[in-house]
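All the letters of the sequence shown, read from the start, carry residue numbers 27 to 218 under our numbering.
A virtual CB, placed ideally from N, CA and C, is assigned to each residue, including glycine.
Because the structure is a prediction, the values reported are computed rather than measured.
Working notes for the structure below.
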Amino acid sequence: MIRKISYILPLAAIALIAALFFEFAASTREYRPIGPGADAIVVLTGGRGRTEEGLALLRKGRAKLLILSGVHQDADLDSIFLKRVNSVERGKIVLEKRSGSTFENALEVRKLMEERGIASIVLITSGYHIKRAHYTFMKVMPEGTRIEAYSVVSPNFDESRWWEGGSFGLLAAEFVKYYWYMARFAVFGVPA
27 MIRKISYILP LAAIALIAAL FFEFAASTRE YRPIGPGADA IVVLTGGRGR TEEGLALLRK
87 GRAKLLILSG VHQDADLDSI FLKRVNSVER GKIVLEKRSG STFENALEVR KLMEERGIAS
147 IVLITSGYHI KRAHYTFMKV MPEGTRIEAY SVVSPNFDES RWWEGGSFGL LAAEFVKYYW
207 YMARFAVFGV PA
């Protein structure tokens, strides 16, 4: 009997992890809706296509403010957008340079939102990162904050063939980080 259990428990654990991983992989395609708009668009920098998509949504009038979170200390609007931003748009773009992780992105954006009276955001990041980013922002933001998750296609991640090459590695790392964040929030809570 003990021998059977010693085989069954590891197999059950592997099956559970595999099921969670496949569910996680499927979630990379779930975040594309655009609702009625928001007070601000928040772009988590670090992946190609994210800032361009944020600027495109700002130009379409989806929000009145664009926050680029996690920008390098030496960056400015010209280095980010290669001088494609006009003077009116410059006044609508905020560069947040303090954060270095998804959790810090959420904390720093929360401060900006509180300072500016922002109650709703469109959160932009890559598909493989969107689930953890959305979860983190939901935990960190004040109750009642409306967060619309929006994922962009990343050139280094093929969501239709995630099991191949570098896409699998990215997804596996993000899977581990997602469950690490869940455990972290469950154990330590969220700073006020």
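Discussion item. Assuming S95 and S125 are in contact, meaning their beta carbons sit under 8 angstroms apart, how far apart are those beta carbons, in whole angstroms?
Written reply: 6 angstroms between Cβ atoms; contact.
Worksheet item: What first and last residue would you give for the beta strand (DSSP E) that runs through T151?
Response: Looking at the DSSP string, the run of the beta strand (DSSP E) that includes T151 is S146 to S152.
Discussion item. Threshold first: 4 residues or longer. Then list the alpha helix (DSSP H) segments lying entirely within the segment 70-107, N to C.
Written reply: Listed in chain order, the complete alpha helix (DSSP H) runs (minimum 4 residues) inside the segment 70-107 are 76-85 and 103-107.
Discussion item. Rounded to the nearest angstrom, what separates R110 and V166 at their Cα positions?
Written reply: Whole-angstrom Cα-Cα distance: 33 angstroms.
Worksheet item: For R158, which of A66, L70 and R136 has the nearest alpha-carbon?
Response: Comparing Cα positions, the closest option is L70.
Worksheet entry | Cβ distance (whole Å) where L81 is taken to contact F50 below 8 angstroms | Not really, about 29 angstroms apart at Cβ, beyond 8 angstroms.
Practice prompt. Could you tell me the distance, in whole angstroms, from the CA atom of S32 to the CA atom of K118?
Written response: Whole-angstrom Cα-Cα distance: 60 angstroms.
Worksheet item: Measuring CB to CB, does V114 end up less than 8 angstroms from I93?
Response: Annotated as distal: V114 and I93, with beta-carbon spacing of 8 angstroms or more.
Discussion item. If I measure Cβ to Cβ from E79 and keep anything under 7 angstroms in the same chain, skipping five residues before and after, which residues do I get?
Written reply: Cβ neighbours of E79 beyond the five flanking positions: I150 and V178.
Discussion item. Using only the alpha-carbon positions, how far apart do G170 and S146 sit?
Written reply: Roughly 9 angstroms separates the two Cα atoms.
Item to complete: Go ahead and label S180 buried or exposed: buried means 16 or more other beta carbons lie within 10 angstroms of its beta carbon, across all protein chains shown.
Response: By the 10 Å Cβ count, S180 comes out buried.
Item to complete: Compare the Cα-Cα distances from R172 to each of K203, R136, I43 and E190 and report the closest residue.
Response: Closest option to R172, Cα to Cα, is R136.
Discussion item. Tell me the rounded alpha-carbon separation between F47 and R55.
Written reply: If you take the alpha carbons of F47 and R55, they lie about 14 angstroms apart.
Discussion item. Here's the rule I'm using: 16 or more other beta-carbon atoms within 10 Å means buried, otherwise exposed. How should F129 be labelled?
Written reply: That one is buried.
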